[in-house]
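Here's the structure, in structure tokens; my notes come after.
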Ligand SMILES: *Cc1c(COP(=O)(O)O)cnc(C)c1O
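Numbering (this note's numbering), first residue to last: 70 to 482.
Here it is in structure tokens:
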């Protein structure tokens with residue numbers, strides 16, 4: 070597109086704009102289980118109104134906008150309240166999980182350097198299932214990444230012993246996920262904590278997808294093991310609001326056990342011709358709407374609202390798990406929240422994925438091992454039967470194709 074000489078009428082542009090979505094994944098009809106967290110029309114409306122209310126304000130200016138400053142602090146205290154943040158714990162809102170993780174690594178590195186560690190080079194020790202945001206951040210900061218294979222006992226959990234063995238004097242951080250994205254499995258954070266303490270290493274828990282889910286699941290009776298600041302070795306956490314916090318996109322939290330750790334995050338600068346500036350995170354300008362929408366949704370839902378929504382997601386995941394097992398699939402490990410991955414012992418997940426795609430489903434897959442992957446939203450409660458019916462048809466199509474391929478082999482060999 071080239072910019073036109075003259076502008077166009079808004080209703081013309083608007084029609085065009087809405088029309089652009091015509092070929093997007095049909096998430097509103099329940100057939101998408103990745104990228105979008107659909108908690109229904111009412112939540113979507115509140116996101117929009119609350120976002121628009123502070124859309125023009127800028128989180129860069131806490132003095133100009135004490136409203137946003139206070140809302141951010143409220144969001145952080147609500148987050149810390151859910152995640153066992155001790156007295157003195159603190160944090161900041163960021164634009165998303167990648168941003169939160171990047172800031173946590175930067176903070177851990179500067180903390181390590183201030184304490185005489187990792188002065189020449191630095192590394193981070195991760196389970197193989199950890200999010201790629203860690204590698205992106207480490208690439209930016211020239212930090213080595215040590216990805217350690219997960220356990221091979223069928224749990225798909227981080228291998229705390231192997232991770233501990235991978236630590237050395239240059240290690241600035243060990244990571245556990247709660248849960249990881251590929252399998253939806255919560256790593257053994259207590260065991261990782263013991264290892265991190267023995268090594269004197271900063272432990273980060275990546276609760277991007279679970280931080281605003283697991284506490285409510287636990288209140289609902291799901292046996293979620295300790296995964297947050299309740300584990301004493303946990304130094305920092307990343308927890309996204311724009312996932313199971315049901316906030317508008319562009320909202321995450323990065324949390325620290327203490328002010329002493331946090332103080333290595335903000336960037337304070339005065340050596341230029343402009344005014345001295347101190348920014349807490351990577352961003353300069355910060356969209357006020359992302360802060361106000363998160364604040365509004367958290368206040369709108371409250372604990373009972375989140376419990377209801379997350380309970381619905383857990384029920385949906387259980388129904389999916391039962392349904393896929395009845396079709397002969399095997400669920401990977403022991404997922405407890407909204408993510409689930411499963412594979413068929415005889416038929417390749419990607420072939421089945423292709424058949425589901427033909428039937429209008431836009432879901433995800435994992436590479437190791439090849440499996441189908443769903444990230445479920447409250448609205449999916451209404452589509453489990455449709456999904457299982459199409460999964461069954463897709464499996465049959467793959468079975469039949471395999472059967473005729475075998476016959477063809479016999480005929481021509
Ligand atoms: C989504 C996710 C991230 C990254 O968050 P973005 O908001 O997409 O940048 C990191 N870790 C886990 C476990 C996630 O699920």
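Even for Gly, the Cβ is constructed at its ideal location relative to N, Cα and C.
Thinking C-beta only, is residue j closer than 8 Å to residue i?
i: residue 321; j: residue 444; result: no
i: residue 256; j: residue 295; result: no
i: residue 385; j: residue 129; result: no
i: residue 324; j: residue 306; result: yes
i: residue 209; j: residue 167; result: no
i: residue 145; j: residue 160; result: yes
i: residue 157; j: residue 328; result: yes
i: residue 308; j: residue 362; result: no
i: residue 247; j: residue 283; result: yes
i: residue 278; j: residue 312; result: yes
i: residue 70; j: residue 174; result: no
i: residue 207; j: residue 193; result: yes
i: residue 199; j: residue 249; result: yes
i: residue 383; j: residue 286; result: yes
i: residue 96; j: residue 105; result: yes
Can you name the residues that DSSP bridges to residue i?
i: residue 127; result: 356
i: residue 273; result: 244 and 305
i: residue 409; result: 443
i: residue 337; result: 347
i: residue 325; result: 159 and 305
i: residue 433; result: 442
i: residue 101; result: 431
i: residue 399; result: 412
Could you tell me which of the options sits nearest to residue i, measuring between CA atoms?
i: residue 450; options: 407, 178 and 416; result: 407
i: residue 411; options: 439, 387 and 388; result: 439
i: residue 216; options: 238, 245 and 188; result: 245
i: residue 398; options: 437, 372, 457 and 370; result: 457
i: residue 110; options: 464, 448, 461 and 474; result: 448
i: residue 303; options: 108, 149, 120 and 371; result: 149
i: residue 108; options: 120, 377, 258 and 157; result: 377
i: residue 353; options: 243, 222, 134 and 127; result: 127
i: residue 300; options: 310, 317 and 266; result: 266
i: residue 260; options: 297, 154 and 142; result: 297
i: residue 404; options: 254, 95 and 351; result: 254
i: residue 240; options: 223, 93 and 212; result: 212
i: residue 370; options: 471, 133, 281 and 124; result: 281
i: residue 469; options: 402, 415, 122 and 90; result: 415
i: residue 152; options: 400, 326, 249 and 219; result: 326
i: residue 219; options: 389, 453 and 402; result: 402
i: residue 381; options: 476, 137 and 446; result: 446
i: residue 178; options: 214, 106, 169 and 333; result: 333
i: residue 419; options: 441, 400, 474 and 409; result: 441
i: residue 350; options: 467, 344 and 176; result: 176
i: residue 435; options: 409, 147 and 184; result: 409
i: residue 169; options: 310, 383, 251 and 131; result: 310
i: residue 272; options: 285, 180, 342 and 251; result: 180
i: residue 191; options: 121, 131, 270 and 383; result: 270
Original post:
Counting Cβ pairs, one atom from each stretch, are 3 or more of them under 8 Å apart for the segment 220 to 232 and the segment 276 to 293?
Top reply: no
Original post:
Would the segment 108 to 117 and the segment 359 to 379 be scored as touching if the rule is three or more Cβ pairs under 8 Å?
Top reply: yes
Original post:
Looking at C-beta atoms only, is the number of pairs between the segment 83 to 94 and the segment 328 to 344 that lie closer than 8 Å three or more?
Top reply: no
Subject >> Within the segment 178 to 216, ranges of the beta strand (DSSP E) (whole runs, at least 3 residues) >> reply: 192 to 196
Subject >> Stretch-stretch touch, CB-based, cutoff 8 Å, three pairs: the segment 349 to 363 with the segment 387 to 406 >> reply: no
Original post:
Between the segment 93 to 109 and the segment 416 to 436, are three or more C-beta pairs nearer than 8 Å?
Top reply: yes
**OP:** May I ask you to verify whether the segment 264 to 284 touches the segment 232 to 251, counting CB pairs closer than 8 Å and requiring at least 3?
**Re:** yes
Original post:
Are three or more beta carbon pairs between the segment 463 to 473 and the segment 418 to 427 nearer than 8 Å?
Top reply: yes
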